[in-house]
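Before any comments, here is the structure.
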Amino acid sequence: MFTMPKTKYGQYVVTELKIPPEKQRIAAEYAKFATRILWLDENVVPGAFHMNTAWYLKPNTAVEPKAHTHDTDEIIGFFGSNPADPHDLGGEVEIWLEDEKQIITRSAMLFVPAGMKHCPLILRRVDRPIFHFTTVTGGQYIKEEKTAPRRG
44 MFTMPKTKYG
54 QYVVTELKIP
64 PEKQRIAAEY
74 AKFATRILWL
84 DENVVPGAFH
94 MNTAWYLKPN
104 TAVEPKAHTH
114 DTDEIIGFFG
124 SNPADPHDLG
134 GEVEIWLEDE
144 KQIITRSAML
154 FVPAGMKHCP
164 LILRRVDRPI
174 FHFTTVTGGQ
184 YIKEEKTAPR
194 RG
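Oh and the sequence shown: position 40 is 83 in my numbering, straight run, nothing missing.
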């Protein structure tokens, strides 16, 4: 395990993955299609808002299977790993915003206003690793599940 040198502000530098207990329950299933990189929230650094990062490596229909909302805004990012064409996602991601399906094939950031129903999130195709992040302006990733959108 890597340890940062002790400095005055070193507590604000996160270099090791600390998965919250509620996410540890699904860690083995998540590892079948993705590799978590880092997780940051108020439990890791007091006062921090939430950010989660991962590499998506394989298609999967259960990344985030249920629609849900948050009390705060969220930004969701998907980035391709081809340095010669950073806009090429290298795969296909399906995500629902309210009852509208979005198909993403280019690097993208999504702004999800507080209260907007979003997901399911489905990795339809992964040709190359896809870098993914979520940022929720609250201190922790808290969601309220909603009825799933209609397929179609």
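For each residue, glycine too, the CB sits at the ideal point set by N, CA and C.
**OP:** Go ahead and label residue 121 buried or exposed: buried means 16 or more other beta carbons lie within 10 angstroms of its beta carbon, across all protein chains shown.
**Re:** buried
Subject >> Inter-residue spacing [alpha-carbon to alpha-carbon] between residue 155 and residue 117 >> reply: 5 Å
**OP:** Please determine, among 85, 165, 168, 128, the residue with the shortest C-alpha to C-alpha distance to residue 178.
**Re:** 85
Subject >> C-alpha gap between residue 145 and residue 78, whole angstroms >> reply: 24 Å
**OP:** Mind checking which residues open and close the beta strand (DSSP E) that includes residue 145?
**Re:** 143-149
Subject >> Beta-carbon spacing of residue 134, residue 169 below 7 Å >> reply: yes
**OP:** Would you mind stating whether residue 141 and residue 160 have Cβ atoms separated by less than 7 Å?
**Re:** yes
Subject >> Local conformation of residue 64 per DSSP, three classes >> reply: helix
**OP:** Note down, in chain order, each residue of its chain lying with its Cβ closer than 8 Å to the Cβ of residue 125, except the 5 sequence neighbours on either side.
**Re:** 131, 133, 171
Original post:
Which partner residues of residue 116 appear in the DSSP bridge assignment?
Top reply: Answer by DSSP bridge pairing: none, since residue 116 is not bridged.
Original post:
If you check the beta carbons only, do residue 103 and residue 166 fall under 7 Å apart?
Top reply: yes
Original post:
Going by the CB atoms, is the gap between residue 83 and residue 91 shorter than 7 Å?
Top reply: yes
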